[in-house]
Amino acid sequence: MIDLQLLINFGGAALGAWCYGYLFGAPLKILIPGALAGGVAFACVYLCGEAIFWGTALGALGLGFIARLVAPRLRVPLTAVIVPGIIPIVPGVSAYNAFMAAVQGDYILGITGMINVVTYTMAIAMGLNGADLLYRVIPRWQRGRKQRT
Amino acid sequence: MKEHHLHLAITTGELLLRNGAEISRVEQTISYMARYMGAMRVDCFVTPTGMIISLVMAEETHTLVRRITSRSYNLAAVMELNDLSRRFCNGEIPAVALAERLDNLSRPIPAKGQNLKMSLASGLGSLGFSLISGLRLPLALAYATINGAVVRYTLDYLTDRIAINSSLAVLLSSTLLTTLTFFYPGLDATNRNLVNMGGLFLLLPGVTLTTSFRDLANGDLLTGVSRLAEALLSLTLVAAGVIVSFTIWPWLQEVLLR
């Protein structure tokens, strides 16, 4: 049984990524993979529930992999796929909420929120760099295994 | 290759930076192109607001500086510049053709009805973000779509037609959007906040914030810090716009009820 909320969130994230990609001047051939990557990334966050840090890192890792698979085939720079795809998981709203709390005098909530924002942002950086690292390591490991056999 | 062609390399880098390419891509592109044109040593120092390039060519050192005043995202332009630089370095296009193409890319002509399409995309984007924020009420989703379209149209109008700077445009758009949300009937406080957030999402510097941390993690400290400052400034302006709206709303309500 497919979770309806998961489908709605996937669709919402894909729509958001598609539209943001369009606003960033991305051509049609990038919009589709960008939207799918955005949907997958947000689905990871949604499925991880309360573990937002790990969900965000996993989402960024998935996004990084999709971008590395798709970008060379479409002959486009990696950024062109990553930028639209990353939109649904960036902590823009969390940053805004934290900032608003601090401005309205709730400094504890503001600082806690800002720490969360830094953590989620680091999770994204970690996920994307992790995908980059794995994408370099796996082919070498496969080549090494072939040579041994 | 003539020395004045080195300007092609820095112009390509400048256009890449203006259109939202990563710092590493800009530095690599300039370096590859300059080496292809005969530079023996290339040192690039690129930040979001300027570039300094030093080249050693035919035993002479050339230093080129470019100031970057405006930055936005245009992924199609980044792709084209990437492709052009690659083809140039492979000897597939001559310097003259490259210069002509770069000239065209530096003066883009907006397509007819572009603002309307952008507003529509922004509205739909806002709908998508409202869905992932947990908004499910159909009426509220319709309001969020309107908000998205309004915020983009306002931003374009303020920056393109009235030509005010982008910081002030963000502040005014945020104020207008939040005030507009107060007027929507049939919403409780939670849904009203989510509707407002759907539109504000387009003004929030999430990508800049993430890019700044990636730059910092990659060791581009100056770039990372300057992008972080840019993101914090945008956040401050969006929040200030909302606070202005919250402050003027009771007064506005009183005036309207009179």
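Residue numbers (my numbering), protein chains in the order written: chain D, 1 to 149; chain R, 1001 to 1258. Idealized CB from N, CA, C, for every residue including glycine. If you're wondering where the values come from, they're calculated on a predicted model, not measured in any experiment.
Item: Among residues of its own chain, excluding the 5 on either side of D:Lys29, which ones have a beta-carbon nearer than 7 Å to its beta-carbon?; Value: Leu74
Item: For D:Ala14 and R:Ser1173, what's the separation of their Cα atoms in angstroms?; Value: 25 Å
Item: So with CB distances below 7 Å, who are the chain R contacts of D:Tyr20?; Value: Gly1125
Item: Which runs of the beta strand (DSSP E), 3 residues or longer, sit entirely within the segment 1144-1182 of chain R?; Value: none
Item: Which runs of the alpha helix (DSSP H) spanning at least 4 residues fall entirely within the segment 47-106 of chain D, listed in chain order?; Value: 52-74, 78-86, 92-103
Item: Would you identify the three-state DSSP class for R:Met1280, choosing helix, strand or coil?; Value: Given that chain R is displayed from residue 1001 to residue 1258, the structure contains no residue 1280 of chain R and the question cannot be resolved.
Item: For the alpha helix (DSSP H) that R:Arg1130 lies in, which residues bound it at each end?; Value: Note that residue 1130 of chain R is Ser in the sequence shown, not Arg. First-last of the alpha helix (DSSP H) with R:Ser1130: 1114-1132.
Item: For the structure I just gave you, are there three or more beta carbon pairs, one from the segment 1166-1186 of chain R and one from the segment 1127-1134 of chain R, closer than 8 Å?; Value: no
Item: Counting only beta-carbon atoms, is R:Ile1167 nearer than 8 Å to chain D?; Value: Here residue 1167 of chain R is Ser; the residue named in the question, Ile, does not match the sequence. No, R:Ser1167 lies away from the interface with chain D (no Cβ there is under 8 Å from its Cβ).
Item: Would you kindly check if the distance between the Cβ of R:Leu1124 and the Cβ of R:Thr1154 is under 8 Å?; Value: no
Item: Under 8 Å Cβ-Cβ, which residues of chain R neighbour D:Leu128?; Value: Arg1214
Item: Could you give the first and the last residue of the continuous beta strand (DSSP E) run that contains R:Glu1086?; Value: Strictly speaking, residue 1086 of chain R in this sequence is Arg, with Glu absent from that position. First-last for R:Arg1086: 1075-1089, but that is the alpha helix (DSSP H), not the beta strand (DSSP E).
Item: Do we get a CB-CB distance below 8 Å when we pair R:Ser1070 with the residues of chain D?; Value: no
Item: From the beta carbon of R:Glu1100, is the nearest beta carbon of chain D less than 8 Å away?; Value: no
Item: Which residues in chain R sit within 8 Å of D:Asn9, going by Cβ to Cβ distance?; Value: Leu1131, Ile1132
Item: For R:Glu1060, count neighbouring C-beta atoms within 10 Å of its own C-beta (all shown protein chains included) and say buried if the count is 16 or more, exposed if not.; Value: exposed
Item: Could you have a look at D:Ile8 and say whether DSSP puts it in helix, strand or coil?; Value: helix
Item: Since R:Gly1219 is in the alpha helix (DSSP H), which residue starts that stretch and which ends it?; Value: From DSSP, R:Gly1219 is part of no alpha helix (DSSP H); its letter is neither H nor E.
Item: List, in order along the chain, the chain D residues whose C-beta lies closer than 9 Å to that of R:Ser1031?; Value: Chain D residues near R:Ser1031: none, gap ~16 Å exceeds 9 Å.
Item: Ignore the nearest five residues each way along the sequence and tell me which others in R:Thr1029's own chain have a CB closer than 7 Å to its CB.; Value: Thr1012, Gly1013, Leu1016, Ser1085
Item: Rounded to a whole number of angstroms, what is the C-alpha to C-alpha distance between R:Ala1149 and R:Met1118?; Value: 8 Å
Item: Going by the DSSP bridge assignment, what does R:His1007 pair with across the sheet?; Value: According to DSSP, R:His1007 bridges with nothing at all.
Item: For D:Trp54, which residues from the same chain have a beta carbon less than 7 Å from its beta carbon, with the 5 sequence-adjacent residues on both sides left out?; Value: Cys48
Item: Are the CB atoms of R:Leu1171 and R:Ala1240 nearer to each other than 8 Å?; Value: yes
Item: Using 8 Å as the threshold, is the segment 1063-1078 of chain R in touch with the segment 7-26 of chain D, meaning 3 or more CB pairs across them?; Value: yes
Item: Kindly indicate the opening and closing residues of the beta strand (DSSP E) around R:Arg1066.; Value: 1060-1067
Item: Just to confirm my understanding: we take R:Arg1025, look at its own chain, exclude 5 residues before and 5 after, and list those with CB closer than 7 Å. What are they?; Value: Leu1016
Item: With a cut-off of 8 Å, do at least 3 Cβ pairs link the segment 1203-1211 of chain R to the segment 1219-1231 of chain R?; Value: yes
Item: Excluding the 5 residues flanking R:Leu1209 on each side, which residues of the same chain have their C-beta closer than 6 Å to its C-beta?; Value: Ala1231
Item: What does D:Ile86 touch in chain R if you count any residue whose Cβ is under 7 Å from its own?; Value: Val1207, Thr1210
Item: Expressed to the nearest angstrom, what Euclidean distance is found between the alpha-carbon atoms of R:Asn1022 and R:Leu1176?; Value: The question names Asn, but residue 1022 of chain R in the sequence shown is Glu. Their Cα atoms are separated by approximately 33 Å.
Item: Could you check whether the Cβ of D:Gly12 sits closer than 8 Å to any Cβ belonging to chain R?; Value: yes
Item: Could you pull the start and end residues of the alpha helix (DSSP H) that R:Leu1137 belongs to?; Value: Per DSSP, R:Leu1137 belongs to no alpha helix (DSSP H) and is neither H nor E.
Item: According to DSSP, is R:Phe1246 part of a helix, a strand, or is it coil?; Value: helix
Item: Residues in the same chain with beta-carbon distance under 8 Å from R:His1007, minus the five sequence neighbours each way, listed in chain order, please.; Value: Leu1064
Item: Under three-state DSSP, which class holds R:Leu1055?; Value: strand
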